[in-house]
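**Student:**
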Amino acid sequence: MKFGVIVFPGSNCDHDAYHVISKHVGQPVEFVWHKETDLSSYDAVIVPGGFSYGDYLRCGALAKFSPVMAAVKDFAAQGKFVFGICNGFQILCEAGLLPGALIRNANLHFICKHVNLKVENNHTPYTSEISARITNEVAMPHGCALPP
Amino acid sequence: MKAKVYVTLKPSVLDPQGKAIHHSVELLGFEKIADIRQGKYFEIALDAALSDTEAKETAERIAKDVLANPVIEDYRVEIVQ
Numbered sequence: 001m002k003f004g005v006i007v008f009p010g011s012n013c014d015h016d017a018y019h020v021i022s023k024h025v026g027q028p029v030e031f032v033w034h035k036e037t038d039l040s041s042y043d044a045v046i047v048p049g050g051f052s053y054g055d056y057l058r059c060g061a062l063a064k065f066s067p068v069m070a071a072v073k074d075f076a077a078q079g080k081f082v083f084g085i086c087n088g089f090q091i092l093c094e095a096g097l098l099p100g101a102l103i104r105n106a107n108l109h110f111i112c113k114h115v116n117l118k119v120e121n122n123h124t125p126y127t128s129e130i131s132a133r134i135t136n137e138v139a140m141p142h143g144c145a146l147p148p
Numbered sequence: 149m150k151a152k153v154y155v156t157l158k159p160s161v162l163d164p165q166g167k168a169i170h171h172s173v174e175l176l177g178f179e180k181i182a183d184i185r186q187g188k189y190f191e192i193a194l195d196a197a198l199s200d201t202e203a204k205e206t207a208e209r210i211a212k213d214v215l216a217n218p219v220i221e222d223y224r225v226e227i228v229q
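Next comes the structure, spelled out in structure tokens:
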């Protein structure tokens, strides 16, 4: 399965995503610059974390206008895999590929700490091999979140 | 010709920045301030050759497609010569 990791100006977790897919998942992976318009050689696309366009205007608001995003929308419409992490998730919300919008954290702090994750749904392609009871501790830095 | 665009959070959306500013304003001794909410202001310099209608329509589309997130924000456009 061939992965593409999109790189916007300001993305900084593109290398993390590349490393994980290459070394841990063990699948072919390439970086895809945000000006690319052809994703046909990929089976899955990752929209990585970071600060695309410096978080200017709103997190992910300007990245949605990058040339690659029209291709990402087509890619998703074809039923192929699109996975957004952190700022990548914010970009997918701004692009309308995911519902909702993000607002500032209530305490206005940028929160960076280790958290435990619980698998809410293991009937997705990304979580189907994880037992619903396992929790993983991960580092989660963020300044904007979905309102409750 | 200039378009002035005001983008504000919808009234139902929590505004922690506004609340923080309100708190600081109260610390300065201002009383009877019921609430403060923060928004954004943009100026778009438009070609003078555009008609008023074209200018308004262009600015409204820019406001709707780029400057505001319609899920959580409202916008208002003013055209000035």
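Chains A and B, in that order, give the protein sequences.
Following our numbering, the numbering of the first sequence begins with 1 at its first residue and continues without gaps.
Following our numbering, the numbering of the second sequence begins with 149 at its first residue and continues without gaps.
Ideal placement from N, C-alpha and C gives every residue a C-beta, glycine not left out.
Listing by chain order, which chain A residues have their CB less than 9 angstroms from the CB of B:Pro-231?
**Tutor:** Residue 231 of chain B falls outside the range modelled here, since chain B spans only 149 to 229, and no answer is possible.
**Student:** A:Tyr-18 bridges to which residues according to DSSP?
**Tutor:** Per DSSP, none; premise fails for A:Tyr-18.
**Student:** What three-state label does DSSP hand A:Ser-52 in the structure shown?
**Tutor:** Residue state, collapsed to three classes: helix.
**Student:** Excluding sequence positions up to five away, which residues of its chain have a Cβ less than 6 angstroms from the Cβ of A:Ser-52?
**Tutor:** Answer for A:Ser-52: Phe-8, Gly-10, Ser-11, Ala-63 and Asn-87, listed in chain order.
**Student:** Applying the criterion that 16 or more other CB atoms from any shown protein chain within 10 Å of the CB defines a buried residue, is A:Glu-120 buried or exposed?
**Tutor:** A:Glu-120 is exposed by the Cβ-count criterion.
**Student:** Here's the rule I'm using: 16 or more other beta-carbon atoms within 10 Å means buried, otherwise exposed. How should A:Cys-112 be labelled?
**Tutor:** Result: exposed.
**Student:** Roughly how many angstroms separate the alpha carbons of B:Thr-156 and A:Val-45, rounded to a whole number?
**Tutor:** Spanning the two alpha carbons is a distance of roughly 34 angstroms.
**Student:** Taking all protein chains shown into account, do 16 or more other C-beta atoms lie within 10 angstroms of the C-beta of A:Asn-107, making it buried, or fewer, making it exposed?
**Tutor:** The residue in question, A:Asn-107, is exposed, as its Cβ has fewer than 16 Cβ neighbours within 10 Å.
**Student:** Starting from B:Ile-227 and walking both ways along the beta strand (DSSP E), at which residues does that stretch end?
**Tutor:** Segment 221 to 228, the beta strand (DSSP E) holding B:Ile-227.
**Student:** Taking 8 angstroms as the threshold (beta carbon to beta carbon), is A:Gly-100 in contact with chain B?
**Tutor:** Chain B contact via Cβ: present.
**Student:** Does DSSP classify A:Val-7 as helix, strand or coil?
**Tutor:** Note: A:Val-7 maps to strand in three-state DSSP.
**Student:** Between B:Val-225 and chain A, is there a C-beta pair that is closer than 8 angstroms?
**Tutor:** Answer no: the Cβ-Cβ gap between B:Val-225 and chain A never drops below 8 angstroms.
**Student:** If we count the other Cβ atoms within 10 Å of its Cβ and call it buried at 16 or more, is A:Gln-90 buried or exposed?
**Tutor:** With 16 or more Cβ atoms within 10 Å of its Cβ, A:Gln-90 is classed as buried.
**Student:** Against chain B, does A:Ala-61 count as a neighbour if the rule is that its beta carbon must be under 8 angstroms from one of theirs?
**Tutor:** For A:Ala-61, the answer is yes, since a Cβ of chain B falls inside 8 angstroms of its Cβ.
**Student:** Starting from B:Ala-168, find everything on chain A with Cβ-Cβ shorter than 8 angstroms and list it in chain order.
**Tutor:** Neighbours of B:Ala-168 on chain A, chain order: Leu-108.
**Student:** Should the region 64 to 75 of chain A be called in touch with the region 27 to 36 of chain A, which here means at least 3 C-beta pairs below 8 angstroms?
**Tutor:** Yes: the two stretches touch, three or more of their Cβ pairs being nearer than 8 angstroms.
**Student:** How is A:Ala-71 classed by DSSP in three states: helix, strand or coil?
**Tutor:** In the structure shown, A:Ala-71 sits in a helix (DSSP, three-state: H, G or I).
**Student:** How would you call A:Ile-85, buried or exposed, if buried means at least 16 neighbouring beta carbons within 10 angstroms?
**Tutor:** Counting Cβ neighbours within 10 Å, A:Ile-85 comes out buried, since at least 16 surround it.
**Student:** Below 8 angstroms on C-beta distance, what does B:Val-219 contact in chain A?
**Tutor:** Per Cβ cutoff of 8 angstroms: Gly-100 and Ala-101.
**Student:** Mind checking if A:Glu-94 is an interface residue toward chain B, Cβ cutoff 8 angstroms exclusive?
**Tutor:** Chain B contact via Cβ: present.
**Student:** Skipping 5 residues on each side, what residues in its chain have a beta carbon closer than 6 angstroms to that of A:Pro-83?
**Tutor:** For clarity, residue 83 of chain A is Phe in the given sequence; the question names Pro instead. Result list for A:Phe-83: Ile-46, in chain order.
**Student:** Three or more C-beta pairs under 8 angstroms: does that hold for the region 161 to 179 of chain B against the region 200 to 210 of chain B?
**Tutor:** As far as the Cβ criterion goes, the region 161 to 179 of chain B does not touch the region 200 to 210 of chain B, which means the pair count is below three.
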